[in-house]
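Number of protein chains: 2
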Amino acid sequence: MSTGTITWVEALEQRVRNVLAAHDLDGLRLLLAGRHPADIAEVIDRLDDDDKIRVFGLLAPALAADVLGETSREATRELLEQLPADKAGDLLDRLPMDDVAEILSEDVPERQQALLAAMEPGDAAEVRALLSYPPQSAGRLMTEKFVRVRPEMTAGETLVYLRHSDPEIESFTDLYVLGPAQQLLGVAPLHAVVTAPPERRLDALMQSDVITIAPTTDQEEVARLVARYDVLTLPVVAASGQMLGIITVDDVIDVLVSESTEDVLRFAGIEGGPELDQPYFSVPLARVVRKRVGWLLLLFLAETFTGSVLRLFESELARVVALSFFIPLLIGTGGNTGAQTVSTLIRGLALGEIRLRDAPRVIGRELAGGILLGLILGAVAFGRALLWGSSYALAGVVGLTIIAICTWANTIGALIPLIAQKLKIDPAVVSAPLITTLVDATGLAIYLLIAKVLLGL
Amino acid sequence: MSTGTITWVEALEQRVRNVLAAHDLDGLRLLLAGRHPADIAEVIDRLDDDDKIRVFGLLAPALAADVLGETSREATRELLEQLPADKAGDLLDRLPMDDVAEILSEDVPERQQALLAAMEPGDAAEVRALLSYPPQSAGRLMTEKFVRVRPEMTAGETLVYLRHSDPEIESFTDLYVLGPAQQLLGVAPLHAVVTAPPERRLDALMQSDVITIAPTTDQEEVARLVARYDVLTLPVVAASGQMLGIITVDDVIDVLVSESTEDVLRFAGIEGGPELDQPYFSVPLARVVRKRVGWLLLLFLAETFTGSVLRLFESELARVVALSFFIPLLIGTGGNTGAQTVSTLIRGLALGEIRLRDAPRVIGRELAGGILLGLILGAVAFGRALLWGSSYALAGVVGLTIIAICTWANTIGALIPLIAQKLKIDPAVVSAPLITTLVDATGLAIYLLIAKVLLGL
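Those protein sequence lines, which keep their order, are chains X and Y.
Using the numbering used here, read the first sequence as starting at 102 and increasing by one per residue.
Using the numbering used here, read the second sequence as starting at 102 and increasing by one per residue.
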């Protein structure tokens, strides 16, 4: 996404800071009245801890709950921790239970139990049920509060029934037609019910060819299905056929945004984990360093192989020092080419455009692409080396090496994600830096071998 | 997103290929009956051109139109081109007009006019109106077919009115309450209308505090608003206050998926353009090479500076050949560190978590982070150099250089996206390879200067 701040939030933050500095609590209350919870949450996320608590403490319970559903995980935890358990439980009772499950999922067990005990027993039971599913599964995202109807109800009866439905229901877009054992028989869109003759029965109205998911389905698969079939809600159905809940499109959008963040960061070699999609300033520096240093160390150790390759050719390098001038250029070009290919492949695999059985076609294509890129860049490199006053022989070595490295980097950049996929490792962990590092060492070996032969070293 | 294919589509594709190979057209018709258009579209995307046309030609018009709305841009163009204009026009009439605008937006002007002339005049006028807005703007994504109601209507009257509404309306979730000049007065969610007493007037029911967007709003901003405020539709309102159309959440999901692809690819230095989010196999190889070679050449030329830096230190390198062994290691570590920072920053800026006024805080944070990372990696590098049999002095040079390079790469990786943002350039164009290349040349200069001083060269 391109950059941008929603300007009214920036203005709101400035005014909140001014009022806080003036210790004007009434002014602050006035300022926050009628604001959207998402906007207040963003301002709270950016305040210091003490100010976070001061602002949050001024909110009426209903608004406070909504805000709590929108603040960053770090801020939510801080705000809940400073509240007595009964007050925290009251706020949680007001939230959708899938949001509560997400908030509580990372709490320490004792605190989690204390908060659950402070909630209403029905809500707490729902949260416990959600928490029994694996993290990042459909079960964690779903809500049990959907509209249940019976197949023999008429459209007219349904409209009367809806007047008395649970006010906590999140989505009325689709009504779910269930059999006696709570098994899903079909879906009746609300607008179809509204526009049907009042005496029409729901089983005559409903669509019975419904896309459903299991509670253990990964949330990314859920997002892919919603994006693919343009649905607003997805029913979650147990293996027994019993309908457990629905997933709403707003949860899916959150998944898409956080997956996209995860992709970009992982691609740069920053490892996953739940804090990955947390706002920049909300993650303590020590944790950032811990998350980054692992990959850097791994790449560092891998990169020492390039040093070993160079040591093997110590005498050649000593004889023609000019050979070393081209090292960064050659490994840079190989790394960049490999990074392009690996990113294309990872994306294609993630979107299902590329499948394992396509491997030969993919490798053929990337091999051809690598040769073409190599020919273009190799010609430029040859000219550039001559301009630097290198001999024709050295310029030839550099040009040939570029062709070989581009071909090699393109092929390896295609091969490795495919192998990862085959081994059932998520190809996205094969970040660009890993390919770059691999290409560095092998590319240098190619370079110095070509030099050795052509220059007769 | 992690990888995965929807397995039933893979099975469908195999069966379609078998039936095509057997020239069994009736079997093919049978096979495709009742399939979801998105699944048929994916299969068509992956077939050869002739087979694409054969399969598409067998579909009934309504299904053919739905499939055409889901195929890749390349395939859609091919399928439309081989149809006579009147048949193509008939199919386009059946699609949502925002999809038609997207399909026609890249056609050559003559073909575009011919297809518009073959469509129904009302539909063609709507498409022309959409095409008058800038590409990737809200105006291009919206549909004019939404539910318009008047403030004095009662809930009961509204339900009767809905029975006779335009069957092409895409979304019934929200009803839009308009004044006499078509100005937006408020939004009445369908479920609120359904559950209200039948005599309640809409102006007593509706929410009048509505988030709206202008037709020129960028589609990424639209996606951000939908994600932020959890709405299913967004009304598009002209500066005059007149309501023009709505954007539905399924369009927003498509934007999120394609932006996320764009982010990942651009990050690896593959330039944008409309084909970027097209399926892997649907883009001709020559075009892929053209899209990739530009960046590679630019980076190549930038990387020649590292060669120039090395030439400046030719005599030092000739005296201590072992210095060159560490070149890939040092520039690799700098590049990896810089890539991590730049990706974090770009993401934070895109999500609005980091603002320009935060610049000093961000730079302070990244400077500190760089020093910490440098100290850890520098210690490891020192040990590794000793293990390789380097002298204490050389190992010290390498360790110190790592500290300096990490600090420098982290700072420059934060500074450059902030500068881009300040200059109103999208920071995402500052791809990781650019930072890597920058850090390569400067990092080597730091290395050789430290070596020169400490080793007394």
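Each residue gets a CB set at the ideal place from its N, CA and C atoms; glycine is no exception.
Chain Y partners of X/Gly240, CB-CB under 8 Å? Chain Y residues near X/Gly240: none, gap ~17 Å exceeds 8 Å.
For a contact defined as C-beta to C-beta under 8 Å, what are the partners of Y/Gly449 on chain X? Pro380 and Tyr381
Local conformation of X/Arg249 per DSSP, three classes: strand
At least one CB of chain X closer than 9 Å to the CB of Y/Ala552: is that the case? no
Mind checking which residues open and close the alpha helix (DSSP H) that includes X/Leu411? Leu386 to Leu413
Of all the residues that make up the segment 384-409 of chain X, which are near chain Y by a beta-carbon distance shorter than 7 Å? Leu386, Val389, Val390, Arg393, Val394, Leu397, Leu398, Leu400, Phe401, Glu404, Thr405, Thr407 and Gly408
Selection of the segment 407-433 of chain X by Cβ proximity to chain Y, strictly under 7 Å: Thr407, Gly408, Leu411, Arg412, Glu415, Leu418, Ala419, Val422, Ser425, Phe426, Phe427, Ile428, Pro429, Leu430, Ile432 and Gly433
Classify Y/Ile204 as helix, strand or coil using the three-state DSSP reduction. helix
When you compare the segment 440-447 of chain Y with the segment 406-422 of chain X, are there three or more beta-carbon pairs, one atom per stretch, that lie closer than 8 Å? no
Would you report the Cα separation of Y/Pro336 and Y/Arg147, rounded to the nearest angstrom? 36 Å
Restricting to Cα atoms, I'd like to know which of X/Ala496, X/Glu467 and X/Gly190 is closest to X/Ala480. X/Ala496
Out of curiosity, what's the CA-to-CA distance linking Y/Pro385 and X/Gly470? 11 Å
Comparing the C-beta of X/His292 with each C-beta of chain Y, is any distance below 9 Å? yes
DSSP bridge partner residues for X/Gln284 (one or two, in chain order): X/Gln343
Suppose the cutoff is 8 Å on Cβ atoms and the five residues either side in sequence are ignored; what does the same chain contact list for Y/Thr349 look like? Thr244, Glu271, Ser272, Leu333 and Thr334
Closest to Y/Arg448 by CA distance: which of Y/Asp364, Y/Glu300, Y/Glu258 and Y/Ile141 is it? Y/Asp364
Taking Cβ to Cβ, would you say Y/Thr434 is nearer than 9 Å to Y/Leu478? yes
Under 9 Å between C-beta atoms, does Y/Ser103 make it to chain X? Low per-residue confidence applies at Y/Ser103: pLDDT is 35, beneath 50, and the placement is therefore not dependable, though the value from the model is reported in the following sentence. With 9 Å as the cut-off, Y/Ser103 counts as an interface residue toward chain X.
Determine, using beta carbons only, whether X/Asn119 comes closer than 9 Å to chain Y. no
Is X/Ile314 close to chain Y, meaning its C-beta is less than 9 Å from at least one C-beta of that chain? no
Quick check: what's the CA-CA separation for Y/Ala215 versus X/Ser341? 54 Å
DSSP on Y/Arg212, reduced to helix/strand/coil? helix
Can you tell me the Cα-Cα spacing of Y/Leu231 and Y/Arg249, whole angstroms? 19 Å
Using the rule of at least 16 other Cβ atoms within 10 Å of the residue's Cβ for burial, across every protein chain shown, is Y/Leu457 buried or exposed? exposed
Does the beta carbon of X/Leu192 sit closer than 9 Å to a beta carbon anywhere in chain Y? no
Taking Y/Tyr277 as part of the beta strand (DSSP E), name the residues at either end of that continuous run. Asp275 to Leu279
Using DSSP bridges, identify the partner residues of Y/Ser238. Y/Asp319
Is it right to say Y/Lys246 is buried, meaning 16 or more other beta carbons lie within 10 angstroms of its own, or is it exposed? buried
Look up Y/Pro534 in the DSSP assignment and say whether it is helix, strand or coil. helix
Through-space distance from X/Thr255 to X/Leu279, alpha-carbon basis: 14 Å
Once you ignore the five residues that flank X/Pro375 on each side, which residues in its own chain have a CB closer than 6 Å to its CB? A caution first: X/Pro375 carries a pLDDT of 48, below 50, which makes its placement in the model unreliable, though a value can still be read off. So no residue of the chain qualifies.
Cut-off 6 Å between Cβ atoms - residues of its own chain near X/Leu357, not counting five sequence neighbours on either side: Ala324
At a Cβ threshold of 9 Å, is X/Leu549 touching chain Y? no
Determine the DSSP secondary structure at Y/Ile354, reduced to helix, strand or coil. helix
Since Y/Leu556 contacts Y/Val463 with CB under 8 Å, what's their CB separation in whole angstroms? Between Y/Val463 and Y/Leu556 the Cβ distance is about 36 Å, and since that is not below 8 Å, they are no contact.
Supposed contact pair X/Ile154 and X/Leu180 - C-beta distance, whole angstroms, cut 8 Å: 7 Å
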